[in-house]
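**Student:** According to UniProt numbering, the sequence shown is numbered sequentially starting from 1.
All C-beta atoms, glycine included, are put in the ideal place defined by N, C-alpha and C.
Shown below is the structure under consideration.
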Amino acid sequence: MSLAFKGRHFTPDILLLCMRWYCRYALSYRDLEEMMAERGLSVDHTTIYRWVQHYAPELDRRVQWCRNRNGGSWYVDETYVKVRGEWMYLYRAIGDQGETLDFQLSQKRTTKAAKRFLVKALNRSPHNRPSVISTDKNPAYNEAIASLRREGRLAATCHHRQVKYLNNRLESDHGKLKQRIRPVRGFQSQKTAHNAIRGFETMRMFRKGQFRSMVDSLAGGSEARFIGRLFQVFVA
Numbered sequence: 001m002s003l004a005f006k007g008r009h010f011t012p013d014i015l016l017l018c019m020r021w022y023c024r025y026a027l028s029y030r031d032l033e034e035m036m037a038e039r040g041l042s043v044d045h046t047t048i049y050r051w052v053q054h055y056a057p058e059l060d061r062r063v064q065w066c067r068n069r070n071g072g073s074w075y076v077d078e079t080y081v082k083v084r085g086e087w088m089y090l091y092r093a094i095g096d097q098g099e100t101l102d103f104q105l106s107q108k109r110t111t112k113a114a115k116r117f118l119v120k121a122l123n124r125s126p127h128n129r130p131s132v133i134s135t136d137k138n139p140a141y142n143e144a145i146a147s148l149r150r151e152g153r154l155a156a157t158c159h160h161r162q163v164k165y166l167n168n169r170l171e172s173d174h175g176k177l178k179q180r181i182r183p184v185r186g187f188q189s190q191k192t193a194h195n196a197i198r199g200f201e202t203m204r205m206f207r208k209g210q211f212r213s214m215v216d217s218l219a220g221g222s223e224a225r226f227i228g229r230l231f232q233v234f235v236a
């Protein structure tokens, strides 16, 4: 058994199945508890919650090596997520082909928050820098991008477009992510929200085909087998 599953009371394939289904489909933890019961497995919904909190971020970490890198146009915007009864900003970025680049939760919508998110996204693609960044007319982006140019983190030639309609594709992408978030009915902490959304975003990358070449070449086109391979688990 892979060391990643040491001490768990269920087999790794069951853990990964529950984590993958929860992050991919609009399910609640209780939905999955019932679905596992129909398969003859008694798994409490709080146990599935703990699996998601642990293995969803780990899945995101393990797919980093095979992510597509985008150095063309970036589309950056923020949407809203309810955490502990209060709305938080969810910064997100996608590339030319709609591929997910990065996300970040923030309590504020400021220049500092925008810059922190852009630095995080740039760090995930250290060898690829955008030539164009499209945002809405929030002045915080203009100030953050100007600061990153001065620091040399962005090329001086990186063009900042502040035209709202250009981000329609990202607004649409927000909506699809929100469809998955809706059954959660509010996260209980920023940490749990961050961990779950890492899983949601990663599984949406699979849906978008961002790992298709690796899934085809290493797992015969099977997403389940590919994820199992990442965790050194055999999945039939």
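So valine 119 packs on arginine 153, CB below 8 Å; how close in whole Å?
**Tutor:** With 8 Å as the limit, valine 119 and arginine 153 qualify as a contact, their Cβ atoms being about 7 Å apart.
**Student:** Measure from the alpha carbon of glutamine 97 to the alpha carbon of each residue in Ala224, Ala140, Asp173 and Thr47, then state which is nearest.
**Tutor:** Nearest of Ala224, Ala140, Asp173 and Thr47 to glutamine 97, Cα basis: Asp173.
**Student:** Take alanine 56 as the anchor and find which of Cys23, Trp65 and Arg84 has the nearest alpha-carbon.
**Tutor:** That would be Cys23, whose Cα lies nearest to the Cα of alanine 56.
**Student:** Is the beta carbon of leucine 170 sitting closer than 9 Å to the one on alanine 93?
**Tutor:** A contact, by the Cβ cut-off of 9 Å.
**Student:** Excluding five sequence neighbours on each side, which residues of the same chain lie with their C-beta closer than 7 Å to the C-beta of histidine 194?
**Tutor:** Cβ within range, chain order: Leu105.
**Student:** Who pairs with aspartate 102 in a beta bridge, going by DSSP?
**Tutor:** Aspartate 102 pairs with Ala93.
**Student:** Are the beta-carbon atoms of tyrosine 89 and tyrosine 75 separated by less than 9 Å?
**Tutor:** For tyrosine 89 and tyrosine 75, no; Cβs fall outside 9 Å.
**Student:** Can you give me the start and stop residues for the alpha helix (DSSP H) that tryptophan 21 sits inside?
**Tutor:** Here the alpha helix (DSSP H) through tryptophan 21 covers 12 to 24.
**Student:** Below 8 Å on the Cβ atoms is my contact criterion, and I expect lysine 108 with glycine 186 to pass it. Report the Cβ-Cβ distance as a whole number of Å.
**Tutor:** No, lysine 108 and glycine 186 are not in contact; Cβ-Cβ is about 19 Å, not under 8 Å.
**Student:** Per DSSP, what are the beta-bridge partners of tryptophan 87 in this structure?
**Tutor:** Bridge partners of tryptophan 87: Lys82.
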